[in-house]
Amino acid sequence: MPDLFFVSRHTHLQTATEIPPGGWARGYDDYTVKRLNGGDPWWIVIEQAIELERLRINPQLPSRWKASFLFTSLEDAMRTATPKYWGKQQLLLWSAEICDPSAPRHIGDADLFRDFEGLSYPQVCERAKAYWSTDAAHEYRELITESPIRITQPRFFWAGQGWQSVVIGQPPQ
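In our numbering, each number is its position in the sequence shown, counted from 1, plus 282.
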């Protein structure tokens, strides 16, 4: 398995912590429909469209609602840290591993979900179809799996001004 990377806004996590799948959906359980702090009520509609395309294309693929999210390159993981998607939160980028290699997984192009401004619902569905395609050449690779993941080593810290290397034994500054 190639190197995998995990980005978390929970900077208190410890090395070897096992993280269960489904955190993305748990976030929607508490989601409030307001635009404050970058919130967008249409994200729920968009994620539902993505899930409906998965069920239509191949229900055996892991659901984003019940998945763990990883990145297949350090560069792709670092691209996630933008105020548009994470706000001004502190982030920690970890090396990570899949706990159950036999669990369903899928690699999709997360860039397809970067900017929906001005798109119609059918256009959103076309992007979802491309995401679930196993033939597509995905440029911004996001790996989702139904397996828990284990974080193994903190690599970089984001405090709003860019990524900084983590020095083992020292708290992020």
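Note that beta-carbon positions come from the ideal geometry of N, C-alpha and C, so glycine has one too.
The Cβ atoms of Arg-423 and Phe-353 lie closer than 8 Å to each other. Taken in chain order, the whole beta strand (DSSP E) runs of length 3 or more contained in the stretch 363-416 are 373-380, 387-391. Distance from the CA atom of Ile-431 to the CA atom of Cys-407, rounded to whole angstroms, is 29 Å. By the Cβ criterion, the stretch 286-301 is in contact with the stretch 373-381, since at least three pairs of Cβ atoms, one from each stretch, lie closer than 8 Å.
Classified as exposed, Ile-326 has fewer than 16 neighbouring CB atoms from the shown chains inside 10 Å of its CB. With a contact defined as Cβ atoms closer than 8 Å, Ile-426 and Arg-387 qualify at about 7 Å. Assigned with DSSP and collapsed to three states, Leu-334 falls in helix. In this structure, DSSP gives Leu-295 a state outside helix and strand, which the three-state scheme calls coil.
The three-state secondary structure of Leu-343, taken from DSSP, is coil. Boundaries of the alpha helix (DSSP H) around Glu-357: 356-361.
For Ile-339, the CB contacts under 6 Å within the same chain, skipping 5 residues up- and downstream, are Trp-414 in chain order. Closest in C-alpha terms to Thr-362, from the list Asp-391, Trp-347, Val-449, Glu-428, comes Asp-391. Looking at the DSSP output, Glu-424 sits in a beta bridge with Phe-353, Gly-390. Taking C-alpha positions only, Glu-357 is separated from Glu-300 by approximately 23 Å.
Between the C-alpha atoms of Glu-329 and Arg-409 there is a straight-line separation of about 11 Å.
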